[in-house]
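Asks: Okay, here's the structure, questions in a sec.
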Amino acid sequence: MADDLRTRESVRRKALSTLSHLVPGDPQAAAILNVLDDIEDQERVDLNQNHPRLDIDAVRKAVLIERHSSGITIVREAGIPQPWRERFLQASIGSTRLVDGPYAHDWEKFLTQWQAEMLHLDAHMSASGAHQP
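Using our numbering, the letters of the sequence shown correspond one by one to residues 14 to 146.
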């Protein structure tokens, strides 16, 4: 399942990045919205079988930010529940980090960006007349 999750979140990251360059209502968004809708369907099935579905506020509260001995605040990857961990890892490819964990500011930036991406996605879904649960 880890490979499926990694692949799914990689595809989602690319789709969200592409969508970010389009205005809601752009006909080019239709194919991307279909990809994202399929990902949501797959995720719904996986989460019903394996994990409870955590919204962003629950994840924000669940992940502990700690001060590393270097004085930098970090999060422990193992403390980030799936699929959020894989989402964060895909969004953070190429980012610097400590061996013990990613920088807390990168985690917080990811959560803020995710919320903005979901608002943009909702605007696209509304403009296309699609229904998103």
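The beta carbon of each residue, even a glycine, is placed where N, CA and C say it ideally should be. Computed from a predicted model, the values in this text were never measured in an experiment.
With a 10 Å radius around its C-beta and 16 neighbouring C-beta atoms as the bar for buried, classify Gln103 as buried or exposed.
Replies: When all chains shown are included, Gln103 counts as buried.
Asks: Give a yes or no on whether the C-beta atoms belonging to Val76 and Ile52 are separated by under 8 Å.
Replies: No, the pair does not count as a contact, with Cβ atoms beyond the cut-off.
Asks: Using the DSSP secondary-structure output, state which residues sit across from Glu79 in a beta bridge.
Replies: Ile87.
Asks: Assign Ile87 to one of two classes, buried (16 or more other C-beta atoms within 10 Å of its C-beta) or exposed (fewer than that).
Replies: It is buried - the Cβ of Ile87 has at least 16 other Cβ atoms within 10 Å.
Asks: Excluding the 5 residues flanking Leu111 on each side, which residues of the same chain have their C-beta closer than 8 Å to its C-beta?
Replies: If we look at Leu111 and ignore the five residues flanking it on each side, its Cβ neighbours are His81, Ser83, Ile85 and Ile87.
Asks: In this structure, how does DSSP classify Gly114 when only helix, strand and coil are distinguished?
Replies: Strand.
Asks: Give the secondary structure of Leu35 by DSSP, where H, G and I count as helix, E and B as strand, and everything else as coil.
Replies: Three-state result, Leu35: coil.
Asks: Considering just the uninterrupted stretch of the alpha helix (DSSP H) at Leu67, what are its terminal residues?
Replies: From DSSP, Leu67 is part of no alpha helix (DSSP H); its letter is neither H nor E.
Asks: Rounded to whole angstroms, what's the CA-CA distance from Leu211 to Ser33? Just pull it up for me.
Replies: An answer regarding residue 211 cannot be provided, because it is not within the stretch 14 to 146 covered by the chain.
Asks: Going by alpha carbons, who is nearest to Glu113 out of Glu99, Leu132, Val48 and Glu79?
Replies: The residue you asked about is not Glu; residue 113 is Asp in the sequence shown. The shortest C-alpha separation from Asp113 is found at Glu79.
Asks: Using a Cβ-Cβ cut-off of 8 Å (strictly less than) and excluding sequence neighbours within five positions of Leu49, which residues of its own chain qualify?
Replies: For Leu49, where only same-chain residues beyond five positions count, the Cβ hits under 8 Å are Arg25, Ala28, Leu29, Leu32 and Leu134.
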